[in-house]
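What follows is a set of notes on a single structure, which appears directly below.
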Amino acid sequence: GQSYANILFYWDNIKTIEEVTGTGHVLCAERVGQMTKTYNDIDAVTRLLEEKERDLELAARIGQSLLKKNKILTERNELLEEQVEHIREEVSQLRHELSMKDELLQFYTSAAEESEPDSICSTPLKRNESSSTVQNYFHFDSLQKKLKDLEEENVVLRSEACHLKTETITYEEKEQQLVNDCVKELRDANLQIATISEELAKKTEDAARQQEEITHLLSQIVDLQKKAKACTVENEELVQHLGAAKDAQRQLTAELRELEDKYGECMEMLHEAQEELKNLRNKTMPNAISRRYHSLGLFPMDSLAAEIEGSMRKELHLDDTDCSDSNHHKRVFDTVRNINQIVKQRSLTPSPMNIPGSNQSSTVNSVISSCVSTPRSSFYGGDVSNIELDN
């Protein structure tokens, strides 16, 4: 069938090609004649070009028709191949059925021959009967052979069944062992999970406690930072106060030095006045000592200033003629009064106890107050002149 289809396909193609080539030969002959006649004619050239375009269109149509025919023939060829394949399968199936029927017929003939062996041997049979008995005999042999094969196959299958049974038992045992192992591993895994869960709970509690400690420590750190800032501010303030205190100390030290200088001058003047007073008292009245307050009430009677003032006033009353001495004594008197006023002012102002280096002013004030408020016994050979400044 396939060769017939190919032959038809080739025959159609040959016919188509012959038709095309025949028309082509005719067209080419006509075209050659036209080209020889009208070589220099433009209209003829245009007509030839138009004819060429028509030829191209014709060739395109011929090609399309050939492609369509080729496609149709290809589809037909595939269909025929499928039909041939189907027919081959049917033929093979019929051959198999025929062989099965032939075997069955041989089995029946062999069975018939075995059932009547004596009759076959004693009496001559006809030709048809002898052929049927021979076929039955062969068929019976084949059946016995098949039975034997089936018995052997049955034995093999039983042995395979026993083998498979033993393998199944072994596989079941292995599976049971595997299940037991899996159960054991699962139990161990559950125990491990329980222990890990307990450890995780403990770790979680520890983490929570540590987090609380961390928050507490952070709060303490914040408080300490606040305290540190406050201490820093306080330190800066104290540094400023210290600078101011040092400035005040330097100022007070300068004032103290000035007062020390003035105090030294006053002490010199006081010593001079005491010496002059001693001389005057030795001259006038050495034993007369008046213990009273002045009418002005500025100094107590037992103070050195009161004694000096009283002695000076007495000397002024006794000796009015000596004007130069009286002026000198007035000057000493005014100096002592100024010293007492300065001492009173210093006693009213707060003492700088917390300022470093302020011991000098307190020492000088104590010395001044002790010198000013000494009793009258200093007039009689007291050690007032031996007082020294504690620098």
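Numbering (UniProt numbering), first residue to last: 1 to 391.
Heads up, the beta-carbon is just placed ideally off N, CA and C, and yes, glycines get one too.
Three-state class that DSSP yields for residue i in the structure shown
{"i": "Thr195", "result": "helix"}
{"i": "Thr74", "result": "helix"}
{"i": "Thr215", "result": "helix"}
{"i": "Thr284", "result": "coil"}
Burial state of residue i (16 or more Cβ within 10 Å)
{"i": "Ala111", "result": "buried"}
{"i": "Val336", "result": "buried"}
{"i": "Glu268", "result": "exposed"}
{"i": "Met353", "result": "Because the pLDDT of Met353 is 43, which lies under 50, any placement of that residue in the model is unreliable, and the question is left without a value."}
{"i": "Glu113", "result": "buried"}
{"i": "residue 392", "result": "Given a span of 1 to 391 for the chain in the structure shown, any question on residue 392 remains unanswerable."}
{"i": "Asn282", "result": "exposed"}
{"i": "Ala194", "result": "exposed"}
{"i": "Cys162", "result": "exposed"}
{"i": "Ile42", "result": "exposed"}
{"i": "Ala248", "result": "exposed"}
{"i": "Asn340", "result": "buried"}
{"i": "Tyr171", "result": "exposed"}
{"i": "Leu280", "result": "buried"}
{"i": "Gln274", "result": "buried"}
Candidates the options, of which the one nearest residue i by Cα
{"i": "Arg331", "options": "Thr284, Cys266 and Glu85", "result": "Cys266"}
{"i": "Leu259", "options": "Lys146, Asn338, Asn70 and Leu238", "result": "Asn338"}
Contacting residues, own chain, Cβ-Cβ under 7 Å from residue i (five flanking each side not counted)
{"i": "Lys174", "result": "none"}
{"i": "Glu255", "result": "none"}
Close-in-space but distant-in-sequence residues of the same chain around residue i (CB under 6 Å, 5 per side omitted)
{"i": "Lys148", "result": "none"}
Given 8 Å, three or more beta-carbon pairs between the segment 92-108 and the segment 139-149: Two segments are said to touch when three or more pairs of C-beta atoms, one from each, lie closer than 8 Å; by this definition the segment 92-108 touches the segment 139-149.
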